[in-house]
Ligand code: AMP
Ligand code: MG
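Residue numbers (the numbering used here): 3 to 423.
Put into structure tokens, the structure is as follows:
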């Protein structure tokens with residue numbers, strides 16, 4: 003059989019070079035667009051403080067009460083009307099005591115002292131406390147060395163938070179310390195956002211479930227467990243929509259189901275413009291698809307679209323690209339939709355332990371970790387190297403322009419924790 007006379011495509015010297023005449027959107031522009039176009043989609047509900055951990059405040063919260071609510075003693079000791087002058091002091095000890103939760107209901111006479119215990123409200127006539135370790139008690143008197151400033155060893159009412167002042171702003175995701183602050187300032191219930199529901203769906207004929215028998219050519223679905231866990235750690239509610247083959251009707255049905263059950267849909271795979279890229283094809287058919295050619299490595303085009311009113315992030319299938327795109331694009335976008343506002347990851351400039359030359363044109367994210375104060379990167383940049391994702395503890399962000407990084411140069415490290423993981 004004679005071979006048809008077809009010329010192979012011309013060889014490309016550099017398969018990472020940007021296609022001529024095609025506009026690639028810089029990462030910052032893509033982020034700015036998302037930030038500008040997305041809005042909060044979650045409803046508001048009231049929950050008790052005990053259910054409020056990790057929830058997002060729907061509105062500003064003001065203190066119902068000052069903290070401390072009244073002046074009190076910061077130490078165990080003896081209270082009196084200060085200041086005490088320089089030199090040895092002797093004071094008669096008045097009958098009674100003030101303890102935390104048990105205020106002294108009389109008045110301490112000028113020149114007298116009263117036994118006080120940490121946290122006790124300062125009795126009338128007391129504004130200064132001497133530490134018990136600095137005092138000799140004998141014959142109904144105390145003796146100590148002055149001077150002591152007025153107000154020493156006491157806490158002023160409202161010195162931490164004044165009643166009526168802003169305690170926490172709307173959009174705040176409540177931390178353990180926030181719960182302490184809310185409780186201390188008299189707040190028992192808060193108005194919070196319902197948790198953003200994020201559907202996760204894997205696509206690809208080659209995928210099988212871990213635990214199933216994998217035939218030749220099949221691979222285990224790595225993205226779905228990763229993405230579900232990422233969503234959970236970011237404080238959103240993962241909705242597992244399983245796997246779909248590269249079958250347009252099946253995918254359509256699954257997207258319909260996901261749009262019903264979730265506020266946002268994350269798909270992985272099938273988001274480019276190939277024959278089996280049904281996510282992008284369906285979104286395009288629905289007339290609400292943008293193929294974002296983002297100048298980013300690792301990352302194929304990101305398919306962003308609306309499915310029945312629900313935003314869809316069509317992530318690349320490669321696990322490394324899927325995770326990087328989730329952290330860089332989906333994370334702040336989900337935060338905005340969830341009600342916590344747009345949050346850029348907080349990075350650190352640290353000396354590099356590696357050397358790398360980078361061409362201009364794309365921003366790059368390398369799998370990285372910090373050891374002995376220096377940033378190490380994973381040996382291979384291949385986007386199928388899942389072991390590098392697991393090895394890493396964050397990403398190194400290298401700016402869009404050209405760069406030659408030498409050991410010791412400062413590089414921007416974004417710990418996984420800075421994405422809320
Ligand atoms: P695609 O974006 O569908 O062209 O997929 C790009 C590459 O990622 C292919 O090698 C896929 O086999 C692989 N891939 C896609 N989805 C997954 C997944 N869920 N887990 C692991 N690899 C995947
Ligand atoms: Mg595929």
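Glycine is no exception: its CB is placed at the ideal position from the N, C-alpha and C atoms.
message: Using only CA atoms, which one of 260, 350 and 203 lies nearest to residue 317?
response: 203
- prompt: Which residue from 26, 160 and 116 puts its Cα closest to that of residue 82?
  reply: 116
message: With DSSP as the reference, identify every bridge partner of residue 418, one or two as the case may be.
response: Answer is none; residue 418 lacks a bridge partner.
message: In whole angstroms, give me the CA-to-CA distance for residue 373 and residue 188.
response: 44 Å
query: Would a C-beta distance cut-off of 8 Å place residue 428 and residue 84 closer than the cut-off?
result: As shown, the chain starts at 3 and ends at 423. That puts residue 428 outside it, with no answer to give.
- prompt: Okay, do the segment 254–270 and the segment 214–232 touch, 3+ Cβ pairs below 8 Å being the bar?
  reply: yes
message: For residue 217 and residue 253, I'd like the C-alpha separation in whole angstroms.
response: 22 Å
field: Opening and closing residue of the alpha helix (DSSP H) in which residue 431 lies
entry: Absent from the model: residue 431. The displayed extent of the chain is 3 to 423, so no value can be given.
task: For the segment 35–47 and the segment 151–167, state whether three or more C-beta atom pairs, one from each stretch, are separated by less than 8 Å.
output: no
Which of helix, strand or coil DSSP assigns to residue 38: helix
- prompt: When the Cβ atoms of the segment 407–414 are set against those of the segment 321–330, are three or more pairs found closer than 8 Å?
  reply: no
- prompt: How many angstroms separate the CA atom of residue 185 from the CA atom of residue 78?
  reply: 25 Å
field: Spatial neighbours of residue 259 in its chain, beta-carbon cut-off 8 Å, leaving aside the 5 residues before and after
entry: 243
- prompt: Going by other Cβ atoms of all chains shown within 10 Å of its Cβ, with 16 needed for buried, is residue 96 buried or exposed?
  reply: buried
task: With a threshold of 16 other CB atoms inside 10 Å of the CB of residue 307, please say whether the residue is buried or exposed.
output: buried
Presumed contact (8 Å Cβ cut-off) between residue 98 and residue 111, rounded CB distance: Between residue 111 and residue 98 the Cβ distance is about 12 Å, and since that is not below 8 Å, they are no contact.
- request: State yes or no: is the C-beta of residue 361 within less than 8 Å of the C-beta of residue 404?
  value: yes
Pair within 8 Å by beta-carbon distance, residue 334 and residue 345: yes
query: Just how far apart, CA to CA, sit residue 23 and residue 295?
result: Per-residue confidence for residue 23 stands at a pLDDT of 49, beneath the threshold of 50, marking its modelled position as unreliable; the derived number appears in the next sentence. About 13 Å.
- request: For residue 409, decide whether its Cβ has a neighbour in chain B, counting only Cβ atoms nearer than 8 Å.
  value: In the displayed structure, chain B is absent; only one protein chain is listed.
For residue 70, the three-state DSSP class (helix, strand or coil): coil
- request: For the alpha helix (DSSP H) holding residue 193, just list the boundary residues, first then last.
  value: Looking at the DSSP string, residue 193 is not in any alpha helix (DSSP H); the run it does join, the beta strand (DSSP E), is 191–195.
- request: Run the CB neighbour count on residue 62, radius 10 Å, all protein chains shown included, and call it buried at 16 or more, exposed below.
  value: exposed
- prompt: If you follow the beta strand (DSSP E) that residue 50 is part of, which residue opens it and which one closes it?
  reply: 46–50
- prompt: Contact check, residue 394 vs residue 370 under 8 Å by CB: the rounded distance?
  reply: 6 Å
query: Taking just the CA atoms, how far does residue 230 sit from residue 19?
result: Its pLDDT being 35, under 50, residue 19 is placed unreliably by the model, and the measurement read from it follows with that caveat. Roughly 33 Å between the two C-alpha positions.
message: To test your reading of the DSSP string, which unbroken beta strand (DSSP E) runs of 3 or more residues are found completely within the segment 275–361?
response: 291–294, 296–299, 304–309, 312–317, 350–353 and 358–360
query: Are the segment 57–77 and the segment 169–176 in contact at 8 Å, needing three or more beta carbon pairs?
result: yes
query: Does the Cβ-Cβ distance between residue 266 and residue 194 come in under 8 Å?
result: no
message: Assuming residue 88 is part of the beta strand (DSSP E), what are its boundary residues?
response: 86–100
- request: Within the same chain, show all residues whose beta-carbon is closer than 6 Å to that of residue 376, passing over the 5 residues directly before and after it, in chain order.
  value: 353 and 355
- prompt: Does DSSP put residue 396 in a helix, in a strand, or in coil?
  reply: strand
query: Using a Cβ-Cβ cut-off of 8 Å (strictly less than) and excluding sequence neighbours within five positions of residue 73, which residues of its own chain qualify?
result: 123, 124, 129, 156, 157, 158 and 159
- request: On a CA-only basis, which of 386, 365 and 397 is nearest residue 31? Give me that one, please.
  value: 365
field: Limits of the unbroken alpha helix (DSSP H) element including residue 366
entry: Not the alpha helix (DSSP H): residue 366 falls in the beta strand (DSSP E), residues 365–373.
query: What is the DSSP secondary structure of residue 385, reduced to helix, strand or coil?
result: coil
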